[in-house]
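In my numbering, the protein residues as written are 750 to 943. Below: the structure, in structure tokens.
Written out as structure tokens, the structure reads:
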């Protein structure tokens, strides 16, 4: 429906086919990359690395990365520095990716399907990480199909269907207007595709 494409455009990875946008008032460029922490759906970390090497990779690549915070978060999620990425389960890899992405001091966090393929325990750990990382001076954009688990933390919602905005607005306003939960609205918009 265009969610991944939208996040890639916001991250400056893909150019929009029409329209324009700004990140912190600036046209996206190399100068705005440091403002954005992008979590792709794919595994972007080399499989030969260990968890500790991945932390070092982020430390060296992103000046706003907090190694101490990442190590603390990853340990709390059951990850150890010597574990090889190739040996991690899907759930543990998801925990690693979100732990790294959320240990940056970005202004905009773009999380593409952070719960995809995760077991319930890993989903809960990832949600806890997102909640622990929320800051007043930062914005989080989460593309997900798992509405029920994050509805309570949403401020705004945007439903894309076939690359077009199907529904958008403040979560509380939408609930009042439609007398439905965001999950119910999601099911209405996407029907059998939900």
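Where is the CB? At the ideal position from N, CA and C, for every residue including glycine. Please read these numbers as outputs of a predicted model, since none were measured by experiment.
Secondary structure at residue 802, three-state DSSP: helix, strand or coil?
Residue 802 sits at position 53 when you count from the first residue of the chain shown. Judged by DSSP in its simplified three-state form, residue 802 adopts helix.
Start and end of the alpha helix (DSSP H) containing residue 938?
Along the chain shown, read from residue 1 onward, the residue named residue 938 stands at position 189. Counting along the chain, the alpha helix (DSSP H) containing residue 938 begins and ends at 931 to 939.
For residue 764, name the three-state secondary structure that DSSP assigns.
Locating residue 764 in the chain shown gives position 15, where the first residue counts as 1. Residue 764 falls in the coil class under three-state DSSP.
Rounded C-beta distance between residue 788 and residue 856? I'm assuming under 8 angstroms.
Mapped onto the chain shown, residue 788 falls at position 39. Mapped onto the chain shown, residue 856 falls at position 107. Rounded to whole angstroms, the Cβ separation of residue 788 and residue 856 is 15 angstroms, and the two are not in contact under 8 angstroms.
Are at least three pairs of beta-carbons, each pair with one atom in the region 890 to 906 and one in the region 845 to 862, less than 8 angstroms apart?
Because the criterion of three Cβ pairs below 8 angstroms is met, the region 890 to 906 and the region 845 to 862 touch.
Taking only runs that begin and end inside the region 782 to 843, name each unbroken alpha helix (DSSP H) of 4 or more residues, in chain order.
If one requires a minimum length of 4 residues, the alpha helix (DSSP H) runs lying completely within the region 782 to 843 are 800 to 810 and 816 to 825, in chain order.
Cα separation between residue 793 and residue 910?
In the chain shown, the residue the question calls residue 793 occupies position 44. In the chain shown, the residue the question calls residue 910 occupies position 161. So the alpha carbons of these two residues sit roughly 27 angstroms apart.
Same chain, Cβ closer than 7 angstroms to residue 920, five either side skipped, listed in chain order:
Stepping through the chain shown from its first residue, residue 920 is reached at position 171. Same-chain partners within the cutoff: 903, 904, 905, 906 and 931.
Using the DSSP secondary-structure output, state which residues sit across from residue 949 in a beta bridge.
Only positions 750 to 943 of the chain appear in this structure, which leaves residue 949 out of reach.
Backbone CA spacing between residue 780 and residue 928 [nearest angstrom]
In the chain shown, counting from the first residue as 1, residue 780 sits at position 31. In the chain shown, counting from the first residue as 1, residue 928 sits at position 179. When rounded, the distance between both Cα atoms is 43 angstroms.
Can you tell me whether DSSP reads residue 904 as helix, strand or coil?
Taking the chain shown and counting its residues from 1, one reaches residue 904 at position 155. In the structure shown, residue 904 sits in coil (DSSP, three-state: anything other than H, G, I, E or B).
Straight-line gap, residue 880 to residue 843 (C-alpha atoms, nearest Å)
If you number the chain shown from 1, residue 880 lands on position 131. If you number the chain shown from 1, residue 843 lands on position 94. Within the model, the alpha-carbon separation for residue 880 versus residue 843 is close to 16 angstroms.
Give me, in chain order, the residues of the same chain whose beta-carbon lies closer than 7 angstroms to that of residue 753; leave out the 5 immediate sequence neighbours on both sides.
Position 4 of the chain shown holds residue 753. Taken in chain order, the residues that qualify are 790, 861 and 892.
Compute the beta-carbon to beta-carbon distance between residue 765 and residue 758, rounded to the nearest angstrom, for a pair I have assumed lies under 8 angstroms.
On the chain shown, residue 765 is found 16 positions in, with the first residue counted as 1. On the chain shown, residue 758 is found 9 positions in, with the first residue counted as 1. Contact holds; Cβ gap of about 5 angstroms.
Rounded to a whole number of angstroms, what is the C-alpha to C-alpha distance between residue 833 and residue 922?
Counted from its first residue, the chain shown places residue 833 at position 84. Counted from its first residue, the chain shown places residue 922 at position 173. The alpha-carbon of residue 833 is positioned some 46 angstroms away from that of residue 922.
Locate the beta strand (DSSP E) running through residue 889, then write down its first and last residues.
As a working mapping, residue 889 is identified with position 140 in the chain shown. Start and end: 888 to 892.
Looking at the structure shown, is residue 772 part of a helix, part of a strand, or coil, going by DSSP?
What you label residue 772 is simply residue 23 of the chain shown in a count that begins at 1. Here DSSP, grouped into helix, strand and coil, assigns residue 772 to strand.
Using 8 angstroms as the threshold, is the C-beta distance between residue 868 and residue 840 below it?
On the chain shown, residue 868 is found 119 positions in, with the first residue counted as 1. On the chain shown, residue 840 is found 91 positions in, with the first residue counted as 1. In this structure, residue 840 lies closer than 8 angstroms to residue 868 by Cβ.
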